[in-house]
Structure formats: structure tokens, C-alpha cells
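Worksheet for the structure shown next.
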Amino acid sequence: MTSMLTHLDNASPNPTQKLSRGDMLRTLTGIVGPNGVLHEPEDLLVYNCDALTLVKQDPMVVVLPTTTEEVSQVLRFSHKNGIPVVPRGAGTCLSGGTLAAEDGITLCLTRMNQIDWVDVPNRRLCAQAGVTNLQITQAVSSQGYFFAPDPSSQMACTIGGNVAENSGGPHTLRHGVTTNHVLAVELVLPNGEVVWLGSSCEDQPGYDLTGLVVGSEGTLGVVTRAIVRLSKSPESVRTFLAVFDTVSEAGKAVSAIIASGIVPVALEMMDSGFIKPVEETYHFGLPLDAEAVLIVEMDGLMEATESEVEIATEICRQGGAREVRTAASEEERLHLWKARKGAFAVIGRIATNYCTQDGTVPRGRIPEMLATISDIGKKHDVRIVNVFHAGDGNMHPVLLYDERDKSLVQRALDASYEILKACVDFGGSITGEHGVGVEKLGMLHLCYPEATLRLFADLRHLFNPANLLNPGKAILAPGEKSKEELMLRPPAAL
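For the sequence shown, the tail end lands on 503 under my numbering, and the numbers increase by one without skipping.
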């Protein structure tokens with residue numbers, strides 16, 4: 010690995026003359042074919058942002074490879090000519106991690122959408138980067154297995170993006186996030202060199218470079234394949250809904266369930282701001298006058314699951330739940346999860362635009378954090394609603410705004426900064442699963458001392474010395490400044 014990275018560092022681009030647009034398009038077309046290159050304004054518009062719609066930038070060109078070799082050739086070409094490259098999957102990232110470079114190539118891997126092999130006896134599967142999260146589970150569900158990470162966007166989000174962001178989801182409280190289920194990745198380095206990191210075997214010697222790549226947000230290389238760990242489908246799954254008159258009671262119930270020694274497979278909270286539009290859309294029977302609901306799911310052996318549900322429902326009742334309703338059938342359970350995972354899709358009923366934040370706090374401070382979020386919303390005159398992974402303290406306050414009202418947009422940004430800073434002050438973090446992207450670059454200093462940030466930058470430079478791969482994202486290169494760096498910055502009042 011040392012010799013490879015030394016070679017990479019010595020191979021820094023030094024283009025002798027600027028490449029013309031026509032020459033660039035001809036070369037890229039020669040690599041991926043005419044249907045794999047998009048450059049007309051109306052085509053580029055589709056790729057000008059991800060799910061963070063506050064910041065937009067049209068790419069210079071979009072390239073859609075279908076093989077690792079094509080990815081390698083595109084990166085060799087871009088490296089030789091000093092052209093920035095931004096890897097992209099389905100564009101569901103919520104922090105601007107796939108925001109295009111104005112003078113660069115957006116490398117969209119959604120056409121690399123094949124499952125290469127499945128090894129059920131050893132609980133392994135190899136998928137190309139463009140395979141969706143849900144497709145992995147669908148490929149093995151008939152054989153009694155599933156892929157544990159399940160972001161709410163799992164029907165659309167790709168495994169390459171999951172690896173880049175270390176995605177989680179509602180059902181990772183017990184099973185763990187993406188890094189716990191990725192054994193190896195095929196990685197194309199910025200100079201086009203292809204390497205495999207990790208192995209389908211357990212406990213390989215040497216540095217855990219797979220773990221380094223998971224969550225690196227496309228700044229170290231382009232993931233083209235991943236070998237993932239499959240989980241055995243549980244014998245029993247039980248899901249219940251607990252209804253509370255206050256968010257404080259619901260938050261305390263979350264802490265009490267975990268304190269009892271029970272670790273649910275999922276423990277989600279939704280406040281009154283979400284309950285009404287979700288009910289109007291999905292008609293699950295949620296009480297419109299409730300201030301908060303918890304969705305709690307247990308899985309495992311039949312006897313253990315039944316016992317855990319009894320204990321958890323009793324904790325909720327003693328904690329003030331006015332109603333506890335257990336899903337009576339698999340159809341009802343799936344309907345409830347459809348309502349939860351589709352929650353963000355219903356925001357159009359109540360707002361023109363929204364921004365979802367992603368801070369974490371210790372579970373015991375959830376009630377305090379919810380009160381703080383409410384106070385911050387009132388301070389900045391921004392409506393905030395909440396739906397989040399309560400079991401692991403991963404808060405998702407959703408700030409509602411209208412992008413035509415510039416004052417409201419700025420107030421939403423100011424409120425976002427204060428919320429995330431409060432998460433750090435409470436002993437948490439500025440992100441649990443959405444990543445830093447461009448959105449939170451100006452907040453990293455709240456989480457790490459300067460020496461740690463320098464170490465991060467040095468690691469990025471080791472893999473990506475010319476800073477051509479996803480520049481201005483996640484971790485700034487030494488001396489780098491980005492126009493999006495201070496997207497979230499301290500409000501003038503602080």
C-alpha cells in the first residue's frame with residue numbers, strides 16, 4: 010500500500026494546456042459511449058443538487074459509467090488534465106456531499122446496478138455501487154436473510170452512497186450502521202488505479218482501510234463494488250405504537266426502555282408536527298391530538314420478543330402513554346413503517362421547502378434537546394418538526410421554509426447552526442448519518458481539536474493529493490477554502 014500511495018503522490022497532474030470542451034466530451038464519449046455523457050443544460054439541471062436543495066451548482070458534464078474499467082479510465086483522464094470529479098449515486102444525500110464542481114465531472118454510478126454474486130452459506134453478497142439498498146434485501150429475502158442498514162430512502166439510495174456516508178436508518182439501533190456490515194470495497198483511486206480494500210473473510214491483518222473509506226464521503230476514492238454481510242431474518246418481529254400527550258414523556262420513555270436492558274431493533278419518535286400530515290397521507294389511525302408517538306420494534310426468538318414487548322409496553326404505560334397499540338398483522342406492521350419511512354415525503358403538505366438536520370445527543374438528554382430545538386425555532390421564528398431515531402439519540406429536526414423568502418432561509422440556517430451546536434454542547438455530534446458534505450464544513454472545529462483536523466486533512470492528501478476528488482467536501486484539503494464552507498456558520502447574534 011505504501012508504494013502505491015507514493016506512486017499516486019508522484020503522479021500529480023501537470024497539464025501543459027487547458028483541454029477544450031469539445032476534446033473533453035469526445036474523450037469521455039470514447040470511454041462510456043454517447044449515451045453515457047450528458048452535457049446539455051436541461052440534462053445537467055437534474056444533477057445540480059442532492060437532497061440538500063439549499064445549495065445548487067450545475068456540473069460541467071455528467072458521465073454514467075457501467076464498469077469499473079470505465080470509472081478507472083475517466084479518473085485517469087481527469088487526473089491527467091486536472092479536472093475535478095464528484096462521485097454520485099441516487100442523489101439522496103442530505104448534506105450536499107454530491108454537489109457538483111462548477112468546472113468538473115459528475116461521475117454518476119447508478120448504471121453500475123448489478124449484484125455480482127450471493128454466498129448465502131457464508132452470509133456474503135457482492136454488489137456494484139449503483140445497486141439500491143433495498144435490492145440487496147430483496148435478493149436474499151426468500152432465503153431468509155436481509156441487509157441490516159435501511160435508510161429511509163432505501164428504495165432509492167445506492168450501496169455506493171451508503172458506504173460514502175456510513176448510512177444508518179431506523180433498524181440499525183441493534184444491528185449497527187453501514188460500517189458494521191461492509192467487509193470489503195473495490196476502490197478506484199484518483200489516478201485511476203483500482204484496489205481492493207478488505208476481504209470477504211473476517212479479521213484481515215493490517216490497517217482497516219475499509220473502515221477508513223466507509224464514511225469518507227467520496228474524498229479518498231470512488232467505490233465501485235462492496236462485499237457486504239447479510240443478516241439472518243428473525244424468527245419473530247413485533248411492533249407497537251405508543252401515544253403520548255407530551256414529547257417529554259415520550260423522550261423519558263425512550264431512556265427508560267434502554268435503561269431496562271432491552272435494545273429494540275428500532276425505536277423511533279414523531280412529534281405532532283409530523284403526526285397530522287403523516288396521518289392525512291397514510292391513514293394509519295394516528296391520533297391527531299397527540300404530541301408525540303413512539304414506534305418500537307423488537308425482533309429475535311419468539312419467546313424473547315414477546316417478553317421484551319411486554320416489558321417495553323408497560324414502561325411506556327407507566328411513563329404516561331395514553332395508548333399502546335401493537336400491530337396485529339404483518340400488513341399492519343409494514344403499513345406503519347411505510348408511514349414512518351415516508352414521513353419526509355409528506356412535508357409538501359405543510360411547507361414549500363425543508364432542511365433536515367442530523368445531530369446526535371446522548372439518549373438521556375433527548376427531552377432537553379427537544380425543548381432546546383423548540384426554543385431555537387421560536388427565537389428565529391422558524392417552524393420545526395421532528396421525526397428521528399430516538400433509540401440512538403440521532404435527532405432529525407426538520408426546519409420548514411420557503412426558498413423565495415431569503416430572510417426565512419437565513420433564519421433557518423441560523424437555527425440549524427444553533428441546533429447542531431447544542432447537540433455538541435450536550436455531548437453529541439453534528440451528524441449521525443447524513444455526513445458533513447458542504448453543509449457542515451464550518452462546524453467541524455466544534456467536534457475536533459485542530460490537531461485532529463490536520464490528521465484528517467493529511468489522510469485525505471495521502472489518497473487524493475491533487476484534491477481533484479470531491480473537492481470542498483467533508484474535510485478541507487490543506488489550505489483549501491470553499492465558497493460553501495461557511496454555509497452553516499455562527500449567527501450574528503452569537
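The C-beta atom is built at its ideal place from N, Cα and C for all residues, glycine as well.
Legend entry - Where N395 falls, given that 16 or more other Cβ within 10 Å makes a residue buried: Walking along the sequence shown from the start, residue 395 turns up at place 386. Under this definition N395 is a buried residue.
Legend entry - With 16 other Cβ atoms within 10 Å as the buried cut-off, status of W126: Counting from 1 along the sequence shown, the entry for residue 126 is found at position 117. By the 10 Å Cβ count, W126 comes out exposed.
Legend entry - Cut-off 6 Å between Cβ atoms - residues of its own chain near L295, not counting five sequence neighbours on either side: Counting from one through the sequence shown, the residue named residue 295 turns up at place 286. Excluding sequence neighbours, L295 sits near I284, E288.
Legend entry - Those residues which DSSP pairs with G309 across a bridge: Sequence index remark: in the sequence shown, residue 309 carries index 300 (1-based). G309 pairs with S245.
Legend entry - Cβ shell of A265 (< 7 Å), same chain only, five flanking positions each side left out: For this step, residue 265 is matched to residue 256 along the sequence shown. Excluding sequence neighbours, A265 sits near I324, G328.
Legend entry - Whole alpha helix (DSSP H) elements within the region 113-176, 4-residue minimum: 142-149, 168-174
Inset, instruction - Pick helix, strand or coil for L14, following the three-state DSSP scheme. - result: Translated into the one-based positions of the sequence shown, residue 14 becomes position 5. At L14, the pLDDT of 44 sits below 50, so the modelled position is not reliable; the number obtained from the coordinates is stated separately. The DSSP-derived three-state label of L14 is helix.
Inset, instruction - State yes or no: is the C-beta of V83 within less than 8 Å of the C-beta of T115? - result: For the purposes of this step, residue 83 is taken as the residue at position 74 of the sequence shown. For the purposes of this step, residue 115 is taken as the residue at position 106 of the sequence shown. Going by C-beta atoms, V83 is not nearer than 8 Å to T115.
Legend entry - Where the beta strand (DSSP E) through L276 begins and ends: Working through the sequence shown from its first residue, we reach residue 276 at position 267. Annotation: the continuous beta strand (DSSP E) that includes L276 extends over 275-280.
Legend entry - Range covered by the alpha helix (DSSP H) that runs through P96: To locate residue 96, count along the sequence shown from 1; it is residue 87. Not the alpha helix (DSSP H): P96 falls in the beta strand (DSSP E), residues 94-97.
Legend entry - Under 8 Å between C-beta atoms of G113 and M69: The residue you call residue 113 lines up with position 104 of the sequence shown. The residue you call residue 69 lines up with position 60 of the sequence shown. Yes, the pair counts as a contact, with Cβ atoms nearer than the cut-off.
Inset, instruction - Return the CA-CA distance between I385 and V433, expressed in angstroms with no decimal places. - result: Numbered from its first residue, the sequence shown carries residue 385 at position 376. Numbered from its first residue, the sequence shown carries residue 433 at position 424. Cα to Cα, the separation comes out at about 15 Å.
Inset, instruction - Express the C-alpha separation of M279 and T290 in angstroms, rounding to a whole number. - result: By one-based count along the sequence shown, residue 290 stands at place 281. By one-based count along the sequence shown, residue 279 stands at place 270. Their Cα atoms are separated by approximately 15 Å.
Inset, instruction - Output the distance between the C-alpha atoms of R238 and F397, rounded to the nearest integer angstrom. - result: For this step, residue 238 is matched to residue 229 along the sequence shown. For this step, residue 397 is matched to residue 388 along the sequence shown. Answer to the nearest angstrom: the Cα atoms are 26 Å apart.
Inset, instruction - Return the residue from the list C117, G98, L28, I267 that minimises the CA-CA distance to L47. - result: Here residue 47 corresponds to residue number 38 of the sequence shown, with the count starting at 1. The residue with the shortest Cα to Cα distance from L47 is C117.
Legend entry - Check whether T77 and E195 have beta carbons under 8 Å apart: As a first step, residue 77 is located in the sequence shown; it is residue number 68 there, counting from the start. As a first step, residue 195 is located in the sequence shown; it is residue number 186 there, counting from the start. Taking 8 Å as the Cβ cut-off, T77 and E195 qualify as a contacting pair.
Legend entry - I145 versus E244 - alpha carbon distance: Residue 145 sits at position 136 when you count from the first residue of the sequence shown. Residue 244 sits at position 235 when you count from the first residue of the sequence shown. Separation of I145 and E244 (C-alpha to C-alpha, rounded to the nearest whole angstrom) is 20 Å.
Inset, instruction - Tell me F472's beta-bridge partners as DSSP assigns them. - result: Here residue 472 refers to the residue found at position 463 of the sequence shown. Looking at the DSSP assignment, F472 forms no beta bridge with any residue, so it has no partner.
Inset, instruction - Name, in chain order, the residues that DSSP records as bridge partners for E195. - result: Translated into the one-based positions of the sequence shown, residue 195 becomes position 186. In DSSP, E195 forms a bridge with W205, R234.
Legend entry - chain C contact for D217 (CB, 8 Å cutoff): In the displayed structure, chain C is absent; only one protein chain is listed.
Legend entry - Local Cβ density within 10 Å of D159, reported as buried at 16 or more and exposed below that: Indexing the sequence shown from 1 puts residue 159 at position 150. Its Cβ being crowded by 16 or more others within 10 Å, D159 is buried.
Legend entry - N-terminal and C-terminal residue of the beta strand (DSSP E) that P505 is part of: There is simply no residue 505 to check, as the chain begins at 10 and stops at 503 in what is shown.
Inset, instruction - Measure the C-alpha to C-alpha separation of H454 and H344 and round it to an integer number of angstroms. - result: Counting from 1 along the sequence shown, the entry for residue 454 is found at position 445. Counting from 1 along the sequence shown, the entry for residue 344 is found at position 335. Those two C-alpha atoms are separated by around 42 Å.
Inset, instruction - Label Q169 either buried or exposed according to how many other C-beta atoms from any shown protein chain fall within 10 Å of its C-beta, with 16 as the threshold for buried. - result: Walking along the sequence shown from the start, residue 169 turns up at place 160. The amino acid at residue 169 is misidentified as Gln; the sequence shows Gly. When all chains shown are included, G169 counts as buried.
Legend entry - Continuous alpha helix (DSSP H) stretch holding I428: start and end: Residue numbering aside, residue 428 sits at position 419 when the sequence shown is read from its first letter. Note, I428: alpha helix (DSSP H), 415-434.
Inset, instruction - Quick one: grab the DSSP three-state call for H344. - result: Numbered from its first residue, the sequence shown carries residue 344 at position 335. Looking at H344 - three-state DSSP - the assignment turns out to be helix.
Inset, instruction - Given a cut-off of 8 Å, decide if R326 and V318 are closer than it, judged by their beta-carbon atoms. - result: Position 309 of the sequence shown, counting from 1, holds the residue named residue 318. Position 317 of the sequence shown, counting from 1, holds the residue named residue 326. No.
Inset, instruction - Please classify N200: does DSSP put it in a helix, a strand, or coil? - result: Here residue 200 is taken as the residue at index 191 of the sequence shown, counted from 1. Of the three classes helix, strand and coil, the one that applies to N200 here is coil, per DSSP.
Inset, instruction - Can you have a look at M496 and say buried or exposed, based on whether 16 or more other CB atoms are within 10 angstroms of its CB? - result: In the sequence shown, residue 496 corresponds to position 487, counting from 1. Burial of M496 is indicated by the presence of at least 16 other C-beta atoms within 10 angstroms of its C-beta.
Inset, instruction - Flag this pair as touching only if the region 360-373 and the region 429-449 have three or more C-beta atom pairs under 8 Å; answer yes or no. - result: yes
Inset, instruction - Could you please give me the residues that DSSP links to T365 through a beta bridge? - result: To locate residue 365, count along the sequence shown from 1; it is residue 356. In DSSP, T365 forms a bridge with V407.
Inset, instruction - Determine the direct distance from the alpha carbon of V191 to that of V95, and round the result to whole angstroms. - result: Taking the first residue of the sequence shown as position 1, residue 95 is located at position 86. Taking the first residue of the sequence shown as position 1, residue 191 is located at position 182. Here the alpha carbon of V95 sits roughly 22 Å from the alpha carbon of V191.
Legend entry - Segment contact flag, the region 213-231 with the region 172-183, C-beta cutoff 8 Å, min 3 pairs: yes
Legend entry - Top-ranked residue by Cα proximity to E427, from P500, S242, D67: As a first step, residue 427 is located in the sequence shown; it is residue number 418 there, counting from the start. Minimum Cα distance to E427 is reached at P500.
Legend entry - Helix, strand or coil at A251 [DSSP, three-state]: Within the sequence shown, the letter at position 242 stands for residue 251. Looking at A251 - three-state DSSP - the assignment turns out to be strand.
Inset, instruction - Tell me whether V305 is buried or exposed, calling it buried when 16 or more other Cβ atoms sit within 10 Å of its Cβ. - result: Start at 1 with the first residue of the sequence shown, and residue 305 comes out as number 296. Flag for V305 reads buried.
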